[in-house]
Structures are given as C-alpha cells and as structure tokens.
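>
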Amino acid sequence: MSGYADIHPPEWPLKFLRFFLNPKYLEEIEGDLEEIFQENIERYSPGKARRLYAYETLKLIRPNLLKKFMQPANFNHYPMYKNYIKIAWRNLLKKKAYSFINISGLGLGIASCFLIFLFVQHELSYDNYHENGERIYRITHGSRSTGDAAKDAKANPFWVWGNAPVGPALKDYFPEIDKIVQFSGRSDILLTHGDKTYQEDGVFFMDSTAFDVFNWKFITGDARTALAAPYSIVLTQSAAKKYFGDEEAYGKILKGSESSGRSAAGDYVVTGVIEDIPNNSHFHFNVLISLNTFRKSRPEIFENWGYVDFYTYFLGNEQFNERSFQQKIPDFITKNIGDSDSKYTIALESLKDVYLRTNAHRQPGETGSLSNIYIFSIIGLFILIIAMINFMNLSTARSMERAKEVGIRKSIGAAQGSLVLQFLGESILIVFLAMLLAAGVVVVALPFMSGLTGKEFTLTPLLTWQAPLLAFALIIIIGILAGFYPAFVLSGFKPVAVLKGIMHNSGGGGYLRRALVVFQFSLSIALITGTIIVYTQMDHLQNRDLGFDKEQMLIVDYNYDEIVNYYSESLKNTLEASQAISSVAFSRSVPGSYFPNAGTTIENADGEMKMMVQPIFQVGIDFVNHFNLELVAGRSYSRLYPSDSTSALVLNEAAAKQYGYTNPADIVGKKFDQWGRKGEVIGVVKDFNYISLHRNIEPLTLPFDPYSSRYMSVKINPENMDKTIKEVNEVWSKLVPHRPFLYSFLDNDFNQQYKSDLMFKQLFTVFACLAIFIACLGLLGLATYTAELRTKEIGIRKVLGADMRTIILLLSSDFIKLVLIAIIIAIPVSWYVMKEWLAGFAYRMEMQAWIFVVAGLIAVLIAGFTISFQSIKSAVMNPVSSLRNE
Amino acid sequence: MKKTKLGEFEELVLLAVAALQQEAYGVEIKRELESRLKEKLSVGSIQSALKRMEEKGFLTSEFGEATQKRGGKRKRIYATTSYAHKVLKEMKDIRAGLWEAMPVLAHELKLI
Amino acid sequence: MKKTKLGEFEELVLLAVAALQQEAYGVEIKRELETRLKEKLSVGSIQSALKRMEEKGFLTSEFGEATQKRGGKRKRIYYTTSYARKVLEEMKEIRAGLWESIPSLAHELRMI
C-alpha cells in the first residue's frame with residue numbers, strides 16, 4: 001500500500017477516457033480503474049499495470065457508456081435513428097474482421113495524416129514567433145554576372161554570410177530600415193566557471209540591437225543594454241543552468257578562452273539570461289557574446305568589404321517595400337563600392353523565406369526543404385486515400401449481405417433518402433471510431449516521431465478551439481467520401497428483386513472495385529519504389545569513395561588552442577611512436593567541417609595574374625599523405641624544402657581548372673599571392689569530396705600553415721580501438737593538460753551532413769510501410785469476401801476433382817492481375833517523382849531497372865502472401881461443409 | 001420477463017450487487033464475479049451492465065466515500081430495487097421448476 | 001461461460017429440453033415454457049435457440065415419429081448433451097452461491 005502515491009496510471013488513456021465517456025459516469029469509472037490499477041501494481045510490474053489500464057480503457061467503448069454525441073434533433077424520429085444506430089453497432093460487432101480492417105485502416109490512415117500535418121505545421125512554423133516577423137529581412141551577398149538577379153543566384157549561389165560594413169551602409173542609405181542587426185559566423189569558445197569547463201559550439205557574436213528585432217524573451221537582464229559592452233555574455237536558460245546550476249547567473253563572471261579570429265581570451269560578465277531558443281528557429285545558439293567584443297579585438301575587419309564573417313538582418317519600418325528596396329540596390333552598391341570592376345552585389349530575403357525557400361549558401365543554421373513538405377503531404381494524402389478505398393471496397397462488396405435489410409426497409413416505406421442517410425451514418429460511425437483510434441495512435445506515436453526527426457513536436461496545433469470543429473468536419477467529410485458510393489449502391493436496390501433473391505453481384509461495383517484496387521496498389525508500389533531509391537541513394541552517399549581516408553580517423557577538436565599548436569610536433573612524435581597509430585596530422589579544417597574562403601591571385605592560363613575566391617583548408621605538413629589524397633601533379637609539402645612553409649601552395653584539380661588549366665601539371669610552378677603570402681604552386685591533388693555529396697567539388701587551396709590548426713587527426717588501427725583512444729588521451733593529458741580531450745570520428749562527423757537526409761529516409765520508410773500495410777489490409781478483406789462468395793463454386797470444383805493448387809491459383813490470379821496492372825501504372829510515376837528528388841544531389845545513383853523490378857516483385861509477393869491466407873483456407877476447406885446448406 | 005427481461009450476465013451482476021450490500025461498487029462487483037466465474041471480466045462490461053439495469057429500474061445508486069486508493073474519486077454504491085428482487089425470484093423459481101421437472105433417474109442414466 | 005456461454009433464454013430452452021425428455025420437440029418445448037413464463041413465445045424464437053445450441057454442441061437431435069396432427073411431418077426430438085448438463089450445473093451453482101451470500105435479514109428488511 002505504501003507505493004501508490006508515486007506510481008500513477010498513464011496519462012493518455014485517461015485523457016481519452018475523459019473525451020469519450022459520459023461525464024455522468026466519469027468519477028465512478030475513473031475511480032474503479034484507478035483502484036484496479038493500484039491493485040495490479042502490487043501484483044505485476046508498473047509497465048504491465050499501465051498496459052492493463054490502457055486495455056481496460058479501450059474496452060470501455062460501449063454505446064451506453066459513451067457521451068451522447070448524437071442527440072436526435074427531431075423526437076419523432078428518435079426510434080428510427082435509434083434503430084439505425086443499433087443496426088450499425090450490431091453490424092460492427094457481427095463482422096469483427098471487416099470492422100477491424102475498416103477501423104484500424106482508417107484509424108492508421110488518419111493518424112498518419114495527423115502526424116504528417118504536425119510535421120508540416122512544424123516546418124511551416126519556423127521563425128513565426130517573432131512579433132515583427134513580417135518586417136524582418138536579411139541580406140545575401142553574391143556577384144552580378146548577367147544583371148538578372150534570379151539568373152545570377154542560380155549561376156552562382158548567393159551567400160548569407162558576408163562582410164560587416166554593409167550593415168551601417170544600409171542603415172545610412174535606406175531610411176526605411178528601422179534596425180540593423182549583425183552577427184558573426186558560428187563560433188566556438190571554451191567557457192569556465194569554477195570547476196565547470198565546456199566547449200560551447202553554438203555561439204554568435206551578436207549586435208546589441210538583436211532583441212529589438214528578434215523576440216527572444218529575457219528572464220533576467222535588460223534587453224536594451226545586455227549586449228552593448230564588450231565582454232558581455234547572454235546565456236540561454238539551459239546554458240545558465242549548466243554553468244551555475246540553480247544559482248542566479250546574472251552578474252557572474254565566465255572565463256572565456258580565445259575564440260579564434262574573433263576575440264581574445266577574457267572574463268565575460270553575464271548580462272542576461274534568456275529563454276531557450278524555440279525549436280522552430282532557423283538558427284540556434286546557447287550563448288550570445290556582444291559583437292563589440294569582436295569589434296574590440298579586430299576593429300579593422302568592420303571596415304573591410306572583403307572580409308566575410310557576418311550575417312546581416314534588419315527590421316524594416318512601416319514604409320518598407322521589397323520592390324523599391326530591390327530597385328535601389330544597384331545605386332546603393334555604386335555609392336558604397338565605387339569600383340566599377342567589382343561584381344559584388346546584395347539581394348534581399350524575407351524572414352518568412354529563410355527556412356524553406358532559400359537557395360543561399362552558408363546559412364547560420366539548418367534549413368528545411370519545401371520539396372520534403374510536398375512529398376510528405378502527398379504521402380499523407382495517399383495513405384488516407386488508400387484507407388478510404390479499403391472502406392469503400394469492403395462496404396460495396398458486402399452490400400449483398402445487407403440487401404435483404406434494404407429490401408425490407410424499402411418495402412415497409414423507407415425512402416431512398418433516409419436509407420442513404422442510414423448508410424452514411426454508419427460510415428460516419430466507423431470514421432468516428434477510427435478517429436478515436438487515430439487520436440490514441442497520434443498521442444502514442446508523437447514521442448517516436450520526435451525521436452525520428454530530432455524535432456520537438458507538440459500537440460498544440462491540434463489542441464485549439466477549432467480542433468473539435470475540425471475533427472467533426474473531418475469525420476463528416478471522410479465519412480461521406482468513404483460511404484458515398486456504398487450508400488447509393490445499397491439504397492438503390494430494388495426491393496422486389498432483392499427479396500425474391502434475384503440479385504447478382506453488381507457488375508459496375510465490381511469494375512469500380514477493381515479500378516480502386518489498382519489505384520491503391522499503384523500508390524503503394526510507387527511508395528515501395530521510392531523507399532528503395534531513397535535507401536540506395538543514402539547508401540550511395542555514405543559508401544561512396546570520397547577521395548580521402550575517413551575510416552578509423554580520430555579527430556580531436558582543440559579549437560585553435562595556441563598551446564596545443566605549440567606542442568603539435570611533440571604530440572605527433574609521441575603518438576606516432578605507438579604501434580596502434582599509423583599517422584598524425586594537424587589542420588585548420590577537416591572534410592565536413594567549417595572552412596573559410598580566401599581570395600587567391602594566381603597566374604592564369606593566359607599569363608595574367610588573376611584573383612579568384614575559393615574555399616581554403618589550412619593544413620599541416622603531412623595533411624596530403626595522412627588523408628591519402630592522390631597527387632596528380634607536382635609534389636606535396638616536404639620537410640626537405642624549408643621554403644615550403646612560406647612560399648608554396650598545393651591546390652586541387654578544380655582550382656587548376658578555375659584558373660584555366662585543363663592539364664593540372666601546367667599550373668605547377670606558377671606564381672601565387674594569397675593572404676599576404678607569395679610563392680609558387682607546387683602540387684595539385686585529385687578532387688576529393690570535402691563537402692557533402694549534395695554539392696559538386698569546388699576549387700580548393702591547401703596552404704601550409706601549421707599554426708592556424710584546429711584539429712588533430714589521428715589515424716588508428718582497427719584493433720583495440722578503445723585501448724588506443726585511451727592511449728591518445730593519456731598522451732594528450734600529459735602534454736596539454738589544460739585542454740579537454742574532445743574526440744570524434746571523421747566518418748561520423750562527415751555523415752552528420754546527411755542528418756536531414758537520414759531523417760527523410762526514416763520518415764519516408766515509416767509512412768511508406770504504413771501505406772502498404774493499409775493497402776494489404778484492404779486486399780485481405782476483399783480476398784476474404786470473394787472467397788466467401790465463391791465458397792460453393794470452390795466446393796463444386798473440389799468435388800469434381802480440382803486440386804488445391806488450382807483453387808489457390810483461381811482465387812489469387814484475379815488479384816495478382818490487378819497488382820500487375822498497378823505496377824505498370826506506378827513505375828513511370830515513381831520514376832518521374834524520384835528523378836526530381838535525386839536532382840537535389842550532385843552525386844546520385846543511377847535509377848536502374850532492377851529497382852523497379854524489385855519493387856514490383858515485392859508488391860506481388862506482399863499481395864500474394866496476403867491473399868494466400870484466404871485462398872489456402874478456402875482451398876483446404878471440406879467441400880461437404882460448403883455444399884451442405886440448401 | 002418480456003421487455004424488462006434480464007440477460008444472463010445482467011442477472012449475475014444483479015445477484016452480486018444484492019450479495020455485496022454496502023460494498024456493491026464497480027471493482028468489488030467485478031472481483032466477486034471474477035472469483036465465482038473463474039474468468040476475467042472487463043470494467044467496461046460490468047459498467048455497461050450496471051448502467052443498463054439502472055435505466056431499467058433494477059438498480060439505484062448513490063455516491064459513497066472517496067479513498068486515496070481511487071485517486072480521490074468517490075465510489076458509486078449500487079443497491080437492488082424491490083422490483084429487481086421480484087424478477088430475480090421469479091427467474092429463480094422458473095428455473096427451479098424446470099430442474100425439478102427433470103426425471104432424476106433418466107437424467108442419471110443418460111449421464112452414464 | 002466464455003465463448004460457449006448460454007443466453008438466459010437459451011438456458012431456459014435447454015432446461016425445458018432436459019425436463020421434457022422424449023417429448024422434447026419444438027411445440028412441446030414452446031408449450032412448456034409458455035406455461036412457466038406465463039407469456040407467449042414465437043416458434044421462431046424457440047427454433048432459432050434450438051439451432052443455435054445444436055451448433056454450439058449443447059443439443060443433439062433426431063427424427064421422431066410422424067403424427068397426423070403434424071400433417072404427416074415427423075417431429076425432431078432434442079436431447080441435451082453431457083456438456084450442456086455440465087454447463088447448466090455450473091450456472092446453477094454460481095447463481096446458488098450468489099443467492100446464498102445475499103444476507104437474508106437485510107434482504108427481508110428491504111423487501112418490506
């Protein structure tokens with residue numbers, strides 16, 4: 001008895017109970033369930049008690065315990081409606097299998113729709129919590145090439161990331177801009193409070209105007225001044241908790257390390273704590289540092305139009321007009337740049353477009369995909385349609401059984417209208433039950449869905465005052481759509497013919513049924529094909545040879561720590577002495593990680609010195625060998641040439657092409673000028689995929705600069721990895737004890753770039769399987785029905801000597817034919833749709849014939865398997881029992 | 001019998017209510033019947049029968065005390081009406097009559 | 001109970017069959033039950049109960065003699081199976097148990 005205060009029955013069945021149960025009975029029955037639950041807890045595990053509780057709740061769905069959902073409007077008709085409901089209920093109970101297929105199919109269908117709706121809602125809700133969201137814009141940076149902004153953006157994607165001076169210049173030039181807010185690229189910093197030290201990855205150096213533009217709610221601190229002074233820091237609630245626990249964070253000091261290229265080490269004062277950033281924000285952070293900290297450390301950058309490290313957002317005032325702003329851009333550029341050779345230009349993006357509709361590169365956070373939203377919406381619709389088709393098919397198929405009832409009702413004076421009403425009412429009842437089931441499924445599935453997508457979903461979009469209305473409308477609409485055809489077929493029966501028993505299986509209904517099955521299976525096969533293609537493509541992405549070694553590559557991130565860089569040679573030597581470690585290299589970037597861009601001047605194929613911009617990987621001396629990059633011309637950096645450290649450059653094939661050399665060997669020996677360093681190009685490496693396979697390999701230079709490194713990569717042998725990691729940790733702690741040992745594996749890190757693709761794959765698979773499952777449920781129902789209809793025929797055939805094989809073939813061939821037709825329809829459709837999806841990848845798999853063959857085979861197998869249940873059952877049935885009647 | 005007739009399950013529930021007296025509320029009735037029938041019953045089936053019979057006038061009910069065990073919810077205690085007693089008695093007598101009419105010897109013989 | 005359970009009317013029919021022995025055919029069963037229940041029963045309800053119970057294994061049947069009264073049609077005589085008698089006994093005992101546990105004093109008091 002002692003435990004009952006701590007263990008409670010699960011929440012959702014209770015909610016469900018309160019929703020459907022007659023409120024008069026609620027207290028009593030809730031009490032009963034609670035008592036049984038407490039009793040079960042003492043007897044079984046809490047889990048089992050909860051399951052039993054939920055099960056009992058479900059079994060409470062009985063007509064006389066339900067809320068009075070449908071009060072009769074007209075008292076005179078009450079007995080008639082009562083009879084309708086009674087008949088509907090009896091029909092449900094009598095044909096348990098059909099009811100099960102109908103309700104569970106529709107329920108799953110509706111639930112998937114709800115889940116997809118929640119997903120889509122969540123994707124569409126990005127950034128809409130900003131009060132002034134309508135007036136928030138941002139600037140993207142790019143180069144003019146044709147004069148047509150749309151074409152420019154396609155030819156050469158614009159970047160969100162850009163220079164700093166554009167901010168103040170915009171504010172001066174455009175009176176319609178109210179507030180400008182600029183912030184740095186995503187930074188990392190090591191923060192310490194007492195004995196707590198963490199490396200913060202989500203850090204932005206943020207303008208003091210941020211809180212005028214974005215609605216991030218303050219818990220403590222003053223929004224106006226929080227980010228004004230240098231070395232001010234604003235924490236989110238969870239970050240504050242991490243460092244200060246339950247203490248008040250405001251006014252406390254956090255010791256911050258150097259944040260490379262942005263600020264020197266120093267003591268930060270916590271000037272504010274804000275609520276955690278809503279999940280539906282297009283960029284996230286835990287910590288904000290005042291932009292003035294950055295300005296204080298590197299003031300010259302804020303005047304440099306060529307230095308790229310800033311995002312620029314602004315709030316327009318009431319007069320702001322997108323079109324007039326865009327028209328003034330060329331004049332703004334001329335006034336501020338003044339250099340006619342420059343092709344630099346800016347473009348405008350509205351905040352409501354930044355998550356789903358942006359093509360710009362270098363985003364401050366993740367972006368969504370509009371096409372995914374479309375794909376999932378379509379899948380949701382598919383699933384619902386499939387479930388509705390089941391319902392229609394089963395109802396029309398069963399119409400013969402109800403024919404007598406219709407005949408009698410008609411002959412005692414029922415009008416066709418009231419019969420239509422009766423049958424629609426029945427289908428609405430089924431949809432209603434399905435809706436209840438769907439509500440349960442959604443509540444249960446939501447946490448899984450969040451786990452699958454890494455996004456937080458809440459039921460809030462479904463729990464508004466409109467929700468009951470919407471649900472009601474949905475029930476009616478789906479009920480009518482699904483019940484429409486059966487209602488008219490059934491009510492159209494001629495009473496005389498029915499009662500005399502001259503009824504044939506309606507041919508028209510049969511054709512419609514077949515057409516619907518074909519349609520249903522086309523959708524399912526399209527989804528199977530889609531699933532296979534998504535899987536193959538993801539496999540292709542993850543297993544493609546990227547041109548560098550990513551296996552067994554341990555990456556230690558020490559965030560440009562100078563002391564570590566000072567010890568890099570001794571670290572390397574000590575580690576390489578170990579048997580388990582084959583090589584060690586230091587570099588500023590590793591494939592898949594952050595890298596800056598640089599303007600590089602190289603003598604081009606026409607002999608001119610030409611400045612071009614491309615990504616840059618600053619590397620240590622062994623980088624090329626360590627990652628096993630293939631040299632196609634020249635040589636890599638070497639200790640034999642001391643001048644390599646100041647006057648040599650290695651680049652990739654794409655970069656050689658960028659300067660006009662089709663043969664990479666020709667660029668070797670040419671002069672270069674990059675970031676104040678002059679010398680000769682000494683080697684060209686084969687292109688390797690240093691960014692995700694969504695994109696092609698861009699030109700890349702790999703200058704030798706060991707003291708700008710951020711990462712130590714250690715190539716370890718596959719045996720005893722745990723032991724080796726421990727060994728590396730020991731060496732690390734001995735040589736550079738002040739820096740935490742943060743390691744990861746390169747292949748994992750690199751595959752992080754496909755996080756959203758993997759999420760897509762999982763969601764797609766789940767919903768595709770659901771769709772196929774529901775379609776099979778329907779097929780099973782239909783097969784059962786046909787077999788029932790043909791019981792006598794089968795009996796006679798068996799008596800006349802047909803063997804089991806013939807019977808199974810006889811029953812299955814009809815459906816298999818339909819599935820084959822469906823395959824023919826589905827293949828071109830899925831081919832076209834998946835081609836569109838694959839267009840989002842620079843490296844894509846071939847859509848080979850085998851995929852469609854496999855999809856077709858799977859469909860035939862699933863359908864065959866489903867039908868065979870029933871076919872075999874009928875085939876082995878004793879003909880005596882089927883022929884005995886009559 | 002007729003319109004007011006009791007289903008066999010309802011009859012059992014009614015008997016259980018009569019037997020349990022002051023203790024006749026949902027869970028207790030369920031427990032009583034489960035032990036006698038040696039089978040599991042659902043809360044739904046018991047509640048549905050109770051509500052039905054209350055409507056038909058076989059039962060009356062009122063709230064009892066709340067216990068912590070029930071999450072602070074009150075019990076609803078059921079009592080049989082005299083009409084219910086009459087019907088129960090009638091059914092008992094009819095069955096007893098039929099049992100008595102069974103020729104014992106033949107019955108015994110057929111059992112062999 | 002469970003799947004094989006008997007409805008209250010089926011039980012009565014079954015008891016009547018057991019009581020009537022060699023005479024247990026449709027009309028006689030109807031007559032017997034009508035006198036005991038003091039209400040009119042339809043042939044359909046008796047027949048459907050008989051057929052149902054035969055399927056469930058409570059009854060077996062065979063043709064008896066034809067009489068002129070029946071227009072030369074033969075009677076179908078029903079017999080209870082030992083399974084039926086087991087179930088009947090069981091139900092009787094369950095009810096008897098419940099009846100016994102009804103406190104008679106309180107019962108008497110409430111009857112007033």
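Top to bottom, those sequences are chains A, B and C. full-length UniProt numbering numbers the first residue of the first sequence as 1 and each following residue consecutively. full-length UniProt numbering numbers the first residue of the second sequence as 1 and each following residue consecutively. full-length UniProt numbering numbers the first residue of the third sequence as 1 and each following residue consecutively. Yeah, the Cβ is synthetic: ideal placement off N, Cα and C, and Gly gets one too. Predicted model, so just to flag it, every value in this text is computed and none were measured.
For the pair the segment 55 to 64 of chain B and the segment 73 to 85 of chain B, tell me if three or more CB-CB distances fall below 8 Å.
Short answer: they touch.
> Counting C-beta neighbours from all protein chains within 10 Å, is the total for A/Leu-21 16 or more, i.e. buried, or is it exposed?
As a working note, residue 21 of chain A is residue 21 in the first sequence. Buried is the call here.
> Can you name the start and end residues of the alpha helix (DSSP H) that A/Thr-358 belongs to?
For the purposes of this step, residue 358 of chain A is identified with residue 358 of the first sequence, where counting begins at 1. Premise fails: A/Thr-358 is in no alpha helix (DSSP H) and is neither H nor E.
> What residues from the segment 52 to 70 of chain B come within 7 Å of chain C, judged by C-beta to C-beta, listed N to C?
Result list empty, no residue passes.
> Which first and last residues belong to the beta strand (DSSP E) in which A/Ser-744 is found?
By 1-based counting over the first sequence, the position of residue 744 of chain A is 744. A/Ser-744 -> beta strand (DSSP E) spans 743 to 745.
> What three-state label does DSSP hand A/Pro-72 in the structure shown?
Counting from 1 along the first sequence, the entry for residue 72 of chain A is found at position 72. Note that A/Pro-72 scores 44 on pLDDT, short of 50, meaning its location in the model is unreliable; the coordinates nonetheless yield the value given after this. Looking at A/Pro-72 - three-state DSSP - the assignment turns out to be coil, as it is neither helix nor strand.
> Closer than 7 Å by beta-carbon distance: list the chain B residues that pair up with C/Ile-102, in chain order.
In the third sequence, counting from the first residue as 1, residue 102 of chain C sits at position 102. Result: Ala-18 and Ala-19.
> Terminal residues of the continuous beta strand (DSSP E) containing A/Thr-458?
As a first step, residue 458 of chain A is located in the first sequence; it is residue number 458 there, counting from the start. Counting along the chain, A/Thr-458 falls outside any beta strand (DSSP E), and DSSP gives it neither H nor E.
> On the three-pair Cβ rule with 8 Å, is the segment 620 to 640 of chain A touching the segment 670 to 679 of chain A?
Touching, no.
> Taking B/Glu-23 as the query, report the chain C residues whose CB atoms sit under 7 Å from its CB, ordered along the chain.
One-based indexing of the second sequence puts residue 23 of chain B at position 23. The contacting residues do not exist; B/Glu-23 stays about 11 Å from chain C at best.
> State the DSSP-derived secondary structure class of A/Lys-678, mapped to helix, strand or coil.
Translated into the one-based positions of the first sequence, residue 678 of chain A becomes position 678. Here A/Lys-678 sits in strand by DSSP.
> Name the chain B residues whose beta carbon is nearer than 8 Å to that of C/Ile-94?
The sequence position of residue 94 of chain C within the third sequence is 94, counting from 1. Those within 8 Å of C/Ile-94 in chain B are Leu-12, Arg-36 and Leu-37.
> When the cut-off is 8 Å and only beta carbons count, does B/Ile-29 lie next to chain C?
The residue given as residue 29 of chain B occupies position 29 in the second sequence. Chain C contact via Cβ: absent.
> On the CB-based measure, 16 or more other CB atoms within 10 Å of its CB, does residue 891 of chain A come out buried or exposed?
A question about residue 891 of chain A goes unanswered here, because the residues of chain A that appear run from 1 up to 886.
> Count the other CB atoms within 10 Å of the CB of A/Asn-304; is the residue buried (16 or more) or exposed (fewer)?
Taking the first sequence and counting its residues from 1, the one referred to as residue 304 of chain A is at position 304. Under this definition A/Asn-304 is an exposed residue.
> Is there a Cβ from chain B that is less than 8 Å from the Cβ of A/Arg-51?
Within the first sequence, residue 51 of chain A is the residue found at index 51, counting from 1. Chain B, which has no Cβ nearer than 8 Å to the Cβ of A/Arg-51, makes this no.
> I'd like to check one pair, B/Ala-19 with B/Glu-32: are the Cβ atoms closer than 8 Å?
Translated into the one-based positions of the second sequence, residue 32 of chain B becomes position 32. Translated into the one-based positions of the second sequence, residue 19 of chain B becomes position 19. Taking 8 Å as the Cβ cut-off, B/Glu-32 and B/Ala-19 qualify as a contacting pair.
> Provide the residue(s) that pair with A/Ile-139 in DSSP beta bridges, ordered along the chain.
Position 139 of the first sequence holds residue 139 of chain A. Looking at the DSSP assignment, A/Ile-139 forms a beta bridge with A/Leu-348.
> Please report the residue range of the alpha helix (DSSP H) in which A/Gly-105 lies.
In the first sequence, the residue the question calls residue 105 of chain A occupies position 105. Start and end: 96 to 124.
> With H, G and I counted as helix, E and B as strand and the rest as coil, what does DSSP make of A/Asp-705?
As a working mapping, residue 705 of chain A is identified with position 705 in the first sequence. A/Asp-705 falls in the coil class under three-state DSSP.
> Strictly below 7 Å CB to CB, what residues from chain C border B/Ile-49?
Numbered from 1 along the second sequence, position 49 holds the residue referred to as residue 49 of chain B. Sequence check: residue 49 of chain B is Ala here, not Ile. Ordered by position in chain C, no residue passes the 7 Å Cβ test against B/Ala-49, which lies about 13 Å from the chain.
> Please tell me whether A/Tyr-129 and A/Pro-278 are closer than 8 Å, where the distance is taken between their beta carbons.
As a working note, residue 129 of chain A is residue 129 in the first sequence. As a working note, residue 278 of chain A is residue 278 in the first sequence. In this structure, A/Pro-278 lies closer than 8 Å to A/Tyr-129 by Cβ.
> Is B/Ile-77 close to chain C? Criterion is C-beta to C-beta, closer than 8 Å.
To locate residue 77 of chain B, count along the second sequence from 1; it is residue 77. No, no contact with chain C.
> Just to confirm, are A/Ile-116 and A/Gly-380 a CB contact at a threshold of 8 Å?
Position 116 of the first sequence, counting from 1, holds the residue named residue 116 of chain A. Position 380 of the first sequence, counting from 1, holds the residue named residue 380 of chain A. Yes, they are a contact pair.
> What first and last residue would you give for the beta strand (DSSP E) that runs through A/Gln-199?
Within the first sequence, residue 199 of chain A is the residue found at index 199, counting from 1. A/Gln-199 -> beta strand (DSSP E) spans 196 to 206.
> Is there contact between the segment 463 to 479 of chain A and the segment 780 to 789 of chain A, where contact requires at least three CB pairs shorter than 8 Å?
Short answer: they don't touch.
> Which one or two residues does DSSP pair with A/Phe-310 in a beta bridge?
As a first step, residue 310 of chain A is located in the first sequence; it is residue number 310 there, counting from the start. A/Gly-162 and A/Ser-184.
> Run the CB neighbour count on A/Pro-79, radius 10 Å, all protein chains shown included, and call it buried at 16 or more, exposed below.
Locating residue 79 of chain A in the first sequence gives position 79, counting from the first residue. Exposed is the call here.
> With 16 other CB atoms within 10 Å as the buried threshold, where does residue 917 of chain A fall?
Here chain A covers residues 1 to 886 and nothing more, so residue 917 of chain A does not appear.
> Can you tell me whether A/Gly-28 is buried or exposed? The criterion is at least 16 other CB atoms within 10 Å of its CB, across all chains shown.
Within the first sequence, numbered from 1, the residue matching residue 28 of chain A stands at position 28. According to the sequence as given, residue 28 of chain A is Glu; it is not Gly. With 16 or more other Cβ atoms within 10 Å, it is buried.
> Strictly below 8 Å CB to CB, what residues from chain B border A/Arg-43?
As a first step, residue 43 of chain A is located in the first sequence; it is residue number 43 there, counting from the start. Correct list: empty, because the minimum Cβ distance to chain B is about 13 Å.
> Identify whether A/His-540 lies in helix, strand or coil by the three-state DSSP scheme.
For the purposes of this step, residue 540 of chain A is identified with residue 540 of the first sequence, where counting begins at 1. Of the three classes helix, strand and coil, the one that applies to A/His-540 here is helix, per DSSP.
> Could you work out which residues of chain B lie near A/Tyr-25, taking near to mean beta carbons separated by less than 8 Å?
As a first step, residue 25 of chain A must be located in the first sequence, where it is residue number 25. Residues of chain B passing the Cβ test: Gln-47 and Lys-51.
> Determine the direct distance from the alpha carbon of A/Glu-322 to that of A/Gly-316, and round the result to whole angstroms.
On the first sequence, residue 316 of chain A is found 316 positions in, with the first residue counted as 1. On the first sequence, residue 322 of chain A is found 322 positions in, with the first residue counted as 1. Distance between the alpha carbons of A/Gly-316 and A/Glu-322 is about 10 Å.
> Residues of chain A with CB under 7 Å from B/Lys-73, in chain order?
Translated into positions along the second sequence, residue 73 of chain B becomes position 73. Here the neighbours are Glu-27, Glu-30, Gly-31 and Glu-34.
> Residues in its own chain within less than 7 Å of A/Ser-112 by CB, not counting five upstream and five downstream?
Translated into positions along the first sequence, residue 112 of chain A becomes position 112. Excluding sequence neighbours, A/Ser-112 sits near Gly-380, Ile-383, Phe-767 and Leu-770.
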